[in-house]
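Following the UniProt record's numbering, the numbering of the sequence shown begins with 1 at its first residue and continues without gaps.
All residues carry an ideal CB built from backbone N, CA and C; glycine is no exception.
As structure tokens, the structure follows; a few thoughts come after it.
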Amino acid sequence: MAEVARRIGVEALKALAHPLRVRIFSELTSLGPATASALAARLGESSGSTSYHLRQLEKHGYVREDPERGNGRDRWWERVPGPIELADAVFDAAPGAREAGDLVEREFIDNENRRFAAYWAARSSQPEEWVRAAQTGSAALRLTPAELEELGAEVWAVFERWRQREPAEGARRVDLQFRGFPVVGAEGAAEAVPGSREEGS
């Protein structure tokens, strides 16, 4: 059964609305638990800065300490498990909610693009079976808003089902990126071929 997304309130959204906090959150999501020092080295920041932002993220329920890895000197941090849902907060009428949502979503997209660019740049050094297995592509469909929402729910349910599985031997962290959005400027364009798809690897 797919895990229900935790709905983020406006104050928690505003707390996340800082480029470094979004990057820290994304790093812990994609690469797993880390110390403030390790995050600082990866992100080109001071450990004092990453420590401060980790504490702010902890206060609003985005990250937590990983006591199994800590040793009293080094505190390890991990993302709080489970999906989060920002939409309610983004569309709230509270002052600054939309601006905070725009910043967070833009940073999420930038981080997704950065991770994909890093894979693409390192592709020639990756084992062939991983390069062949990698998925890139897009599909052009004609949908109503309700159908797009339904499709998104189905896709996220599949992601969640796979996320719940125990990792098999040889498993690596894999980034799954799904985007579904209306094509701006296509309102009067010729009808797309149903189910058309562009692929590459």
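Open item on the list: Just verifying my parser: in three-state terms, what is the DSSP assignment at Ser-138?
Closed with: Ser-138 sits in a strand when the DSSP states are folded into three classes.
- [ ] For Pro-194, collect the residues of the same chain with a Cβ closer than 8 Å to its Cβ; drop the 5 residues on either side in sequence, then sort them by chain order.
- [x] At Pro-194 the pLDDT is 47, less than 50, meaning the model places this residue with poor confidence; the figure from the coordinates comes in the next sentence. Here the set comprises Leu-141, Arg-142.
Open item on the list: Using 8 Å for Cβ pairs, my map puts Val-80 next to Leu-13. What's the rounded Cβ distance?
Closed with: Not a contact, Cβ separation roughly 15 Å.
Open item on the list: On the criterion of 16 or more Cβ atoms from any shown chain inside 10 Å, does Ile-109 qualify as buried, or is it exposed?
Closed with: It is exposed - the Cβ of Ile-109 has fewer than 16 other Cβ atoms within 10 Å.
Task: Helix, strand or coil at Thr-29 [DSSP, three-state] - done: Assignment of Thr-29 by DSSP, reduced to helix, strand and coil, places it in the helix class.
- [ ] Output the boundary residues of the alpha helix (DSSP H) element that contains Glu-149.
- [x] From DSSP, the alpha helix (DSSP H) with Glu-149 extends over 145–163.
- [ ] Quick one: using the 10 Å Cβ neighbour count with 16 as the cut-off for buried, is Glu-85 buried or exposed?
- [x] It is exposed - the Cβ of Glu-85 has fewer than 16 other Cβ atoms within 10 Å.
Open item on the list: Strictly by DSSP, which residues pair up with Ile-84?
Closed with: In the DSSP output, where bridge partners are listed per residue, Ile-84 has Arg-6.
TODO: Ignore the nearest five residues each way along the sequence and tell me which others in Val-184's own chain have a CB closer than 8 Å to its CB.
DONE: Counting only Cβ-Cβ distances below 8 Å, and skipping sequence neighbours, we find nothing.
Task: Val-63 - partner residues in DSSP beta bridges - done: Beta-bridge pairing links Val-63 to Arg-79.
TODO: Could you tell me which residues DSSP pairs with Ala-34 in its beta bridges?
DONE: DSSP, once it has assigned bridges, lists Trp-77 as partnering Ala-34.
TODO: With DSSP as the reference, label Ala-41 as helix, strand or coil.
DONE: Judged by DSSP in its simplified three-state form, Ala-41 adopts helix.
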